[in-house]
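Engineer:
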Ligand code: PLP
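In this note's numbering, the protein residues as written are 122 to 507.
1. In the DSSP assignment, the beta strand (DSSP E) including residue 298 goes from what residue to what residue?
2. If we define contact as Cβ-Cβ less than 8 Å, is residue 257 a contact residue for chain C?
3. Does DSSP put residue 246 in a helix, a strand or coil?
4. In three-state DSSP terms, what is residue 423?
5. State yes or no: is the C-beta of residue 296 within less than 8 Å of the C-beta of residue 401?
6. Using the DSSP secondary-structure output, state which residues sit across from residue 269 in a beta bridge.
7. Under 8 Å, do residue 456 and residue 487 count as touching if we go by C-beta distance?
8. Under 7 Å: does the beta carbon of residue 205 sit that close to some heavy atom of the ligand PLP?
9. Of the choices 442, 425, 454, 242, whose alpha-carbon is the least far from that of residue 478?
10. Tell me, please, which residues DSSP counts as bridged to residue 277.
11. Sorry if obvious, but does the Cβ on residue 226 come closer than 7 Å to a heavy atom of the ligand PLP?
12. Rounded to whole angstroms, how far is the Cβ of residue 166 from the Cβ of residue 347, which I believe are closer than 8 Å?
13. Between which two residues does the beta strand (DSSP E) containing residue 327 stretch?
14. Since residue 219 is in the beta strand (DSSP E), which residue starts that stretch and which ends it?
15. When you compare each of 288, 319, 293, 315 to residue 304 by their alpha carbons, which one comes out closest?
16. Within this structure, are the beta carbons of residue 279 and residue 250 separated by less than 8 Å?
17. Assuming contact is defined by CB atoms lying nearer than 8 Å, are residue 149 and residue 366 in contact in what I supplied?
18. Say whether the region 487 to 503 touches the region 377 to 386, bearing in mind that this needs 3 or more beta-carbon pairs closer than 8 Å, one atom from each stretch.
19. Pair every Cβ in the region 254 to 264 with every Cβ in the region 304 to 313, then say whether three or more of these pairs are closer than 8 Å.
20. With a threshold of 8 Å, are at least 3 pairs of Cβ atoms found where one atom belongs to the region 182 to 189 and the other to the region 415 to 424?
21. Decide yes or no for the touch test of the region 221 to 229 against the region 332 to 340: beta carbon pairs closer than 8 Å, at least 3 of them.
22. By how many angstroms is the C-alpha of residue 406 removed from the C-alpha of residue 181?
23. If we call anything under 8 Å between Cβ atoms a contact, is residue 404 one with residue 396?
24. Would you say the beta carbon of residue 273 is closer than 7 Å to some non-hydrogen atom of the ligand PLP?
25. Is the distance from the Cβ of residue 72 to the Cβ of residue 442 below 8 Å?
26. Output yes or no for whether 8 Å exceeds the beta carbon distance between residue 222 and residue 242.
27. Pick out whichever of 387, 162, 198, 298 has its Cα sitting closest to the Cα of residue 496.
28. Would you call the CB atoms of residue 499 and residue 444 closer than 8 Å?
29. Check whether the Cβ of residue 202 sits closer than 7 Å to any heavy atom of the ligand PLP, and report yes or no.
30. Which residue marks the beginning of the alpha helix (DSSP H) containing residue 442, and which one marks its end?
31. Specify whether the region 355 to 362 and the region 152 to 172 touch according to this definition: at least 3 beta carbon pairs, one from each stretch, less than 8 Å apart.
32. Within its chain, find whatever has a CB closer than 7 Å to the CB of residue 139; leave out the 5 residues flanking it on each side and keep chain order.
33. To which residues of the same chain is residue 191 closer than 8 Å at the C-beta, ignoring the five residues directly before and after it?
34. Please determine, among 294, 301, 375, 197, the residue with the shortest C-alpha to C-alpha distance to residue 417.
35. Roughly how many whole angstroms lie between the Cα atoms of residue 467 and residue 146?
36. For residue 124, is the classification buried or exposed, using 16 other Cβ atoms within 10 angstroms of its Cβ as the cut-off for buried?
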C-alpha cells in the first residue's frame, strides 16, 4: 500500500522518509559520520562521504524537496549562496553569458557583478517586466535566464511565465530564486522553470537557526550541479540537514499564517498617513497584483515600505518598534526589520542601488508568527507623532 500524498502538507512531513524507519525512529536520526563503509562504488561521486551530500539526512531532504515542488530531483547546499553559485558556475561557467533580473538579492547581485567577471562569466541585466526587450540582450553564448519569484527588497513580480517560455524558445536554462514565495505559495516547475533555488536559511527552515540552500529541478541538471558542489565543497552538515528537515514539517502552516498576517499589516501601513508607499504583491496598488493573483497561492510575508519623512523617520521607526528585531535575514518565526541599504543590499554601490530603485529610506519587514494585532499595535505606536 502506498501512502496518499497529494497535499503539500503531507509531502512536507512524509515525502522521502526512510522505509523501513531506521531503528523505528519517527524523526530521521542525525548521521554525524563523515564517512561510510566502502560498498564497491565505481564512481567517485557515489562514495558515501559527507562532502558528497549523500548521507541518509541528505537523501531524505533531496527526496522531500523534489516532492514538495513537484520536480524530479533536489540538492541541498551549505547556504543559499552555495546553491546559487554552484548552479550558475555549472550552467554558465566556461565563458558563458546569462540574463539576470535587474533587482535581485544583494548577495546574488554582488556575485554576478563582482566575482563572475573574474571567472569569465558575462551577465546582462534585464527588466523582468519587459519580455519584449530580452531578445536584444541574447548572445551566441547565452546559457541562462535568472529571476526571483518576488524580488528582494522591492517585492517586484516579473513576468515569470514569459521567462520560462523565453528559455524554452532560446534553449536556455530558466532559473528562479523561489526563497520569498516558498513552495507553499509558488512551485516553479508547474510554471515551466528548469531550476528553482532557495535560501533554505529562510522559510524552508523557518526558525532562524541554520544557514542552508537548495536547488530543485530537472534530474540531469541537478546531477551536474552536484558534481560541481562536490568539488567546491559546499555540502550541508548532517546536523543542519536534521534541523532543516524538522523546520520544513511546519512550512505550510507557518507560511499560510504569515501570508494572512502580512496582508493585514500591508493594508494597515498603506492607509497610514506617515507612510509614503508599501510594496506588497497582495495589495491592489501593487503594479503586478493581477499577475501575483494568477501565479501564487499566497503573497508571502515579505513587504517593504517608505515613510514620508525619509531616512530619519525610518531610523526613528526602527528604534521604536518593540516586536520586530532589527536584523537582516527573513523567513523565521520572529518578525525581523531592516533597512536594505545598510544590510542585505549594502554590498551594492549607491549608484546600483539607485538604479534598482532601492532608496536609503526603504524599510524591509519579514512578518513572523506573532499575533498580527500585536504587530499592528506596535507599528501604530512607533509611527505616532510621525
Ligand atoms: N536569495 C535570497 C532571495 C535571499 O534573500 C538570500 C539571503 O538573504 C539568499 C538568496 C542567500 O541565502 P543564504 O544567506 O542562505 O546564503
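In this text, a Cβ means the ideal position worked out from N, Cα and C, and glycines have one as well.
Structural biologist: From the atom records:
1. 294 to 298
2. Given the protein chain composition of this structure (a single chain), no chain C is represented.
3. strand
4. strand
5. no
6. 298
7. yes
8. yes
9. 425
10. Paired residue(s): none; residue 277 is not in a bridge.
11. yes
12. 7 Å
13. Counting along the chain, residue 327 falls outside any beta strand (DSSP E), and DSSP gives it neither H nor E.
14. 218 to 222
15. 319
16. yes
17. yes
18. yes
19. no
20. no
21. no
22. 41 Å
23. no
24. yes
25. With the chain represented from 122 up to 507, any question about residue 72 goes unanswered, as that position is not in the structure.
26. no
27. 387
28. yes
29. yes
30. Note, residue 442: premise wrong, no alpha helix (DSSP H); not H, not E.
31. yes
32. 149, 177, 181
33. 308, 310, 311
34. 301
35. 45 Å
36. exposed
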